[in-house]
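When we follow the UniProt record's numbering, the leftmost residue of the sequence shown carries the number 1, and every step to the right adds one. Even for Gly, the Cβ is constructed at its ideal location relative to N, Cα and C.
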Amino acid sequence: MSIVAQIHHFQLERSSSSLADNPLVLVGGQQVRKPVGSHVLQDKVEEFRALCWALYAPPQETALQYNPANFKLDRIMDLFLISHKYRLESLQTFATQLLVHHCSPPYTTCRTPELEKILRLAVLNKALPLIKVAEEALLRRIEEDPLGSISMARLITLAEELGMRKLQGKLYYHELVRDEASTLKIPSSTAYNFPCAENLTEKQTSVLFKGYRSLLRYWRHLPGEAREKKVSKLTSCKNHQICQREWDSAWSVETLKDRDSFPPNLDILASLEKIRTSRPNSLNQTPLFSFGITRAITPAPNTSATPVPISTFPLPNAQPQPWMQPCGEKELNDLVKRLQDTLADHFLGSHVPSA
Ligand SMILES: [Zn+2]
């Protein structure tokens, strides 16, 4: 059965910057300024319906799609596909904006399987803003799911199918550092079960274990390497000795002893964040040079230049702030970024294909 459809040329013109060579308006190789008639298109009926809806629905009806109760995901995904295929830019922008609107955390209205469908659609069509937002929404979803009702095995398989190496790294990392609440002690044994991880495939379990060993080794070596590091001097820095002293204190054996020297569940990123936001006790006890300006300390008004730890003036609901001089802070930020950028390598091995 075939469906004969006619679309007004001016409707298409409104949706595209150029209709030259567009299969929607070509008949027998000739561009014609008349409705589509004898030209047979291979699109799915649903996709063509979505196109007609977007071209002819009154604005108040299309605007209703921003309302979660009225949102028709399949129709908008079909519209995205057909407008992408025929380069109808304004319709594709409309479909993309709608999908981004319903995906964006923290107010994501799509269900997890819908987010997975959107991510697949976005990657296969190289829709970068949509890829970013769908990925963020999925990661946020699993962060809000400590007991593992979302299938991590399925998500990892999806990331693998789509060639999203970095996402795979993030998913494995999340599985590794998942909350203690998801572990179960085996009765009358010293061992634990990890019910969430039991759904992983054999290959995924072995990848997880490889990542665990690699991150463990990284963390064991990191403090020693950091202690030997000379912090790079920024051009704006007036007293670099302070930067180096802060850095050395942050990584000293004593400071690491004060903190959790071993990050719970090997959550190294959380441990680095703690270093970034918690000033070592040794620095709080030792007055700094009066000309050392730090953002984490506030001199008491009209008394002396002796620095006062910020904890003396707790602010209600204050978020922990970075405390190092910009040189040390940059060094630490670079270190965190390098770990984030290469997180997948811990689980999946070297990114460089072997010769
Ligand atoms: Zn400096």
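Quiz item: At which residue ranges does the stretch 67 to 121 contain complete alpha helix (DSSP H) runs of 4 or more residues, listed in the order of the chain?
Solution: 73 to 85, 89 to 103
Quiz item: Is asparagine 193 closer than 8 Å to leucine 200 when the C-beta atoms are compared?
Solution: Against the sequence shown, residue 200 aligns to sequence position 200. Against the sequence shown, residue 193 aligns to sequence position 193. Contact flag unset, no.
Practice problem: Could you name the residues of the same chain whose beta carbon sits closer than 6 Å to that of leucine 343, not counting the 5 residues immediately before and after it, in chain order? | Solution: Along the sequence shown, one-based indexing puts residue 343 at 343. Result list for leucine 343: Gly169, Tyr173, in chain order.
Quiz item: Would the beta-carbon of leucine 155 fall within 8 Å of that of leucine 171?
Solution: Here residue 155 is taken as the residue at index 155 of the sequence shown, counted from 1. Here residue 171 is taken as the residue at index 171 of the sequence shown, counted from 1. Contact flag set, yes.
Self-check item: Cα-Cα separation between leucine 121 and glutamate 46, rounded to whole angstroms
Solution: Position 121 of the sequence shown holds residue 121. Position 46 of the sequence shown holds residue 46. Spanning the two alpha carbons is a distance of roughly 16 Å.
Practice problem: Return helix, strand or coil for leucine 130, following the three-state DSSP convention. | Solution: In the sequence shown, counting from the first residue as 1, residue 130 sits at position 130. Looking at leucine 130 - three-state DSSP - the assignment turns out to be helix.
Quiz prompt | Residue of Gln60, Ala63, Phe347 minimising C-alpha distance to leucine 208 | solution = As a working mapping, residue 208 is identified with position 208 in the sequence shown. Nearest of Gln60, Ala63, Phe347 to leucine 208, Cα basis: Phe347.
Quiz item: Alpha carbon to alpha carbon, what distance is there between leucine 158 and tyrosine 218?
Solution: Taking the sequence shown and counting its residues from 1, the one referred to as residue 218 is at position 218. Taking the sequence shown and counting its residues from 1, the one referred to as residue 158 is at position 158. Spanning the two alpha carbons is a distance of roughly 28 Å.
Quiz item: Roughly how many whole angstroms lie between the Cα atoms of serine 249 and glutamate 198?
Solution: Taking the first residue of the sequence shown as position 1, residue 249 is located at position 249. Taking the first residue of the sequence shown as position 1, residue 198 is located at position 198. Straight-line Cα distance between these residues: approximately 41 Å.
Quiz item: For asparagine 265 versus leucine 119, is the C-beta distance shorter than 8 Å?
Solution: Taking the sequence shown and counting its residues from 1, one reaches residue 265 at position 265. Taking the sequence shown and counting its residues from 1, one reaches residue 119 at position 119. No. Outside cutoff.
Self-check item: Closer than 7 Å: glutamine 325 CB and nearest ligand 1 heavy atom
Solution: Translated into positions along the sequence shown, residue 325 becomes position 325. The answer is yes for glutamine 325.
Practice problem: Ignore the nearest five residues each way along the sequence and tell me which others in valine 100's own chain have a CB closer than 8 Å to its CB. | Solution: Residue 100 sits at position 100 when you count from the first residue of the sequence shown. Same-chain partners within the cutoff: Pro129, Leu130, Val133.
Exercise. Give a yes or no on whether the minimum CB-CB distance between leucine 147 and chain B is below 8 Å.
Key: In summary, chain B is missing from the structure at hand, where a single protein chain is found.
Exercise. Compare the Cα-Cα distances from leucine 167 to each of Thr235, Glu135, Gln204, Gly328 and report the closest residue.
Key: Position 167 of the sequence shown, counting from 1, holds the residue named residue 167. It is Glu135.
Quiz item: When the Cα atoms are used, what is the spatial distance from glutamine 319 to cysteine 196?
Solution: Within the sequence shown, numbered from 1, the residue matching residue 319 stands at position 319. Within the sequence shown, numbered from 1, the residue matching residue 196 stands at position 196. Computed Cα separation, rounded: 31 Å.
Exercise. Count the other CB atoms, across all protein chains shown, that sit within 10 Å of the CB of glycine 349; report buried if there are 16 or more and exposed otherwise.
Key: By 1-based counting over the sequence shown, the position of residue 349 is 349. Its Cβ having fewer than 16 others within 10 Å, glycine 349 is exposed.
Practice problem: Please work out which residues of its chain come closer than 6 Å, Cβ to Cβ, to valine 336, disregarding the five sequence neighbours upstream and downstream, and give them in chain order. | Solution: Taking the first residue of the sequence shown as 1, we reach residue 336 at position 336. Within the same chain, valine 336 has close Cβ partners Leu272.
Self-check item: proline 58 burial status per 10 Å Cβ neighbour count (16 or more: buried)
Solution: Locating residue 58 in the sequence shown gives position 58, where the first residue counts as 1. Flag for proline 58 reads exposed.
Practice problem: Please list, in chain order, all residues of the same chain as proline 105 whose beta carbon is under 6 Å from its beta carbon, the five residues on each side excluded. | Solution: Numbered from its first residue, the sequence shown carries residue 105 at position 105. Hits under 6 Å: Glu136, Ala137, Arg140.
Quiz prompt | CB contact flag (cysteine 103, leucine 88, <8 Å) | solution = Locating residue 103 in the sequence shown gives position 103, counting from the first residue. Locating residue 88 in the sequence shown gives position 88, counting from the first residue. Contact: no.
Quiz item: Looking only at its own chain, which residues have a Cβ that is under 7 Å from the Cβ of valine 253, when we skip the five neighbours before and after it?
Solution: Your numbering for residue 253 matches position 253 in the sequence shown. Within the same chain, valine 253 has no close Cβ partners at all.
Quiz item: With phenylalanine 94 and alanine 54 assumed to form a contact (beta carbons below 8 Å), what rounded beta-carbon distance in angstroms separates them?
Solution: Counted from its first residue, the sequence shown places residue 94 at position 94. Counted from its first residue, the sequence shown places residue 54 at position 54. Between alanine 54 and phenylalanine 94 the Cβ distance is about 7 Å, and since that is below 8 Å, they are a contact.
Self-check item: Start and end residues, alpha helix (DSSP H) containing arginine 276
Solution: The residue labelled residue 276 in the question sits at position 276 within the sequence shown. Counting along the chain, the alpha helix (DSSP H) containing arginine 276 begins and ends at 268 to 277.
Quiz item: Among all the DSSP beta bridges, which residues are the ones paired with asparagine 193?
Solution: For this step, residue 193 is matched to residue 193 along the sequence shown. Paired residue(s): Leu184.
Practice problem: Grab me the residues of arginine 295's own chain with a C-beta within less than 6 Å of its C-beta, minus the 5 sequence neighbours each way, in chain order. | Solution: Taking the first residue of the sequence shown as position 1, residue 295 is located at position 295. For arginine 295, the pLDDT reaches just 45, beneath the cut-off of 50, and the residue's location in the model is therefore unreliable, leaving the point undetermined.
Practice problem: Check whether the Cβ of proline 234 lies closer than 7 Å to any heavy atom of ligand 1, and answer yes or no. | Solution: Reading the sequence shown from its first residue, position 234 is the one you call residue 234. Note on residue identity: the sequence assigns leucine, not proline, to residue 234. Yes, Cβ of leucine 234 sits closer than 7 Å to a heavy atom of ligand 1.
Quiz prompt | Cutoff 7 Å; reference residue 382; Cβ partners in own chain excluding five residues on either side | solution = Because the chain spans 1 through 355 in this model, residue 382 falls outside it and cannot be assessed.
Quiz item: What's the gap between the Cα of proline 113 and the Cα of isoleucine 82?
Solution: For the purposes of this step, residue 113 is taken as residue 113 along the sequence shown, with counting starting at 1. For the purposes of this step, residue 82 is taken as residue 82 along the sequence shown, with counting starting at 1. So the alpha carbons of these two residues sit roughly 22 Å apart.
Quiz prompt | Cβ neighbour criterion (16 or more within 10 Å) applied to proline 280 | solution = Against the sequence shown, residue 280 aligns to sequence position 280. Answer is buried; the Cβ neighbour count reaches 16.
Practice problem: Return the residue from the list Leu64, Gln42, Glu144 that minimises the CA-CA distance to lysine 85. | Solution: Residue mapping note: residue 85 aligns to position 85 of the sequence shown, counting from 1. For lysine 85, the nearest C-alpha among the options comes from Gln42.
Exercise. Check whether the Cβ atoms of leucine 269 and proline 223 sit closer than 8 Å, and answer yes or no.
Key: Taking the first residue of the sequence shown as 1, we reach residue 269 at position 269. Taking the first residue of the sequence shown as 1, we reach residue 223 at position 223. Taking 8 Å as the Cβ cut-off, leucine 269 and proline 223 do not qualify as a contacting pair.
Quiz item: Going by Cα to Cα distance, which pick from Lys238, Gln92, Cys110 is closest to lysine 126?
Solution: Residue numbering aside, residue 126 sits at position 126 when the sequence shown is read from its first letter. Taking only the C-alpha atoms, the option nearest lysine 126 is Gln92.
Quiz prompt | Burial state of aspartate 258, where buried means 16 or more other Cβ atoms lie within 10 Å | solution = Working through the sequence shown from its first residue, we reach residue 258 at position 258. With fewer than 16 other Cβ atoms within 10 Å, it is exposed.
Quiz item: Looking at C-alpha atoms only, which residue of Leu339, Lys238, Cys237 is the closest neighbour of leucine 216?
Solution: Your numbering for residue 216 matches position 216 in the sequence shown. Comparing Cα-Cα distances from leucine 216 to each of Leu339, Lys238, Cys237, the minimum goes to Leu339.
Quiz item: What residue from Thr190, Leu332, Gln97, Met152 has the CA that sits closest to threonine 205's CA?
Solution: On the sequence shown, residue 205 is found 205 positions in, with the first residue counted as 1. Per the Cα distances, Met152.
Self-check item: Exposure of arginine 276, with buried meaning 16 or more beta-carbon neighbours within 10 Å
Solution: As a position in the sequence shown, residue 276 is number 276, starting the count at 1. The residue in question, arginine 276, is buried, as its Cβ has 16 or more Cβ neighbours within 10 Å.
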